[in-house]
Amino acid sequence: TPIQNDLTEYFSLI
Amino acid sequence: MFEARLTSAATLKKVLEAVKELLNEASFDCSDSGIQLQAMDNSHVSLVSLTLRSDGFDKYRCDRSLTMGMNLASMSKILKCANNDDTVTIKAQDDADTVTFVFESKKQEKISDYEMKLMNLDQEHLGIPETDFSCVIRMPSVEFARIVRDLAQFGETVLICCTKEGVKFSVSGDVGSANVKLAQTNNFDKEEESVSIEMQEPVSLSFACQYLISFTKATPLSPRVQLSMSSNVPLVVEYEIAELGYIRYYLAPKIED
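Residue numbers (the numbering used here), protein chains in the order written: chain A, -14 to -1; chain B, 126 to 382.
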């Protein structure tokens, strides 16, 4: 089963 | 002083419906250029980005930039008190800890105001990089909502495969599997009903159905929806809000364990 990635893996916190 | 007026409360009601399933509260950043909201859902899987341009309002005044943290369930209670064709004005003083919604009926015979306490929200902002997407799909928003709703019955994850010929949505689960294929159309006379695909290279990505269903709450805002995909980056689902701005949803893909 595919696992859900976190959005903060792709976008940096500013 | 901040003041923003829309001649139809229906628009603001639709905007709120489009965000309140994903977010419990949100900060509305108000400036000269308009109102912006950027917030992730609690699980940090999706992000909502809303822009309402100042020139889209019937009246707009923002002397000093301000951030208004609002509880969206409370805001929803207030907006339910407005008729769709009421004029709505959002007002706040500089450094205020409350916001006021004023509803005026068309003939001005009924004027109501609702004051709501603002919240101090410590919200994280994300820097979203510019991306040249491999596939951009445009289709009727109602069609997208229908596909997502139909397929979500059969599994938690939808695989979206986009090629030049078309886009395929696939789900499998305990019951079995389901596929919906949409071909690119050439409906030049009925542009609103067309499916168009701009493709640099084919993309296949998996996403959680539950979030896509939440995004389709924006369907009443726009007859069209745009899906932008590239390998290994979040999906962008965009609804244009006519003459006012847009709402974009970002969704992190699911990856094979």
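Even for Gly, the Cβ is constructed at its ideal location relative to N, Cα and C. The structure presented is a predicted model; accordingly, all values stated were derived computationally and were not measured.
>> Can you tell me where the beta strand (DSSP E) holding Q278 of chain B begins and where it ends?
In response: Per DSSP, Q278 of chain B belongs to no beta strand (DSSP E) and is neither H nor E.
> Around the C-beta of S331 of chain B, are 16 or more other C-beta atoms found within 10 angstroms, so that it is buried, or is it exposed?
Replying inline: buried
> Secondary structure at Y(-5) of chain A, three-state DSSP: helix, strand or coil?
Replying inline: coil
> Name the residues in the region 278 to 303 of chain B whose C-beta lies less than 7 Å from a C-beta of chain A; which are they?
Replying inline: T282
>> Going by DSSP in three states, Q335 of chain B sits in which element: helix, strand or coil?
In response: helix
> Alpha carbon to alpha carbon, how far is A143 of chain B from E290 of chain B?
Replying inline: 31 Å
> Given A277 of chain B, which residues of its chain have a CB within under 8 Å of its CB, disregarding the five upstream and five downstream residues?
Replying inline: V283, V296, C334, Q335, L337, I338
>> Please return the same chain residues whose Cβ sits closer than 8 Å to the Cβ of A308 of chain B, not counting the five positions on each side in sequence.
In response: E290, G291, V320
>> What would DSSP say about K184 of chain B, mapped onto helix, strand or coil?
In response: strand
> Quick one: what's got a C-beta closer than 6 Å to A377 of chain B's C-beta in the same chain, skipping five residues either side?
Replying inline: V170, P359
> Given a threshold of 16 other Cβ atoms within 10 Å of its Cβ, counted over all protein chains shown, does R349 of chain B qualify as buried or as exposed?
Replying inline: buried
> At a Cβ threshold of 8 Å, is L172 of chain B touching chain A?
Replying inline: It does; some Cβ of chain A falls within 8 Å.
> Looking only at DSSP bridge pairs, what is V361 of chain B linked to?
Replying inline: B:S353, B:Y375
> In chain order, what residues of the same chain have a beta carbon less than 6 Å from the beta carbon of Y239 of chain B, not counting five sequence neighbours either side?
Replying inline: Excluding the 5 residues flanking it on each side, Y239 of chain B has same chain C-beta neighbours closer than 6 Å at I203, F226, in chain order.
> Could you check where the alpha helix (DSSP H) with T214 of chain B kicks off and where it finishes?
Replying inline: From DSSP, T214 of chain B is part of no alpha helix (DSSP H) but of the beta strand (DSSP E) over 212 to 217.
> Buried or exposed: D211 of chain B, going by 16 or more other Cβ atoms within 10 Å of its Cβ?
Replying inline: buried
>> I want to know whether the region 359 to 371 of chain B touches the region 170 to 184 of chain B - three or more CB-CB distances under 8 Å.
In response: yes
>> Our contact map puts S259 of chain B next to Q325 of chain B with C-beta atoms below 8 Å; I'd like the distance itself, whole angstroms only.
In response: About 5 Å separates the two Cβ atoms, so the contact holds.
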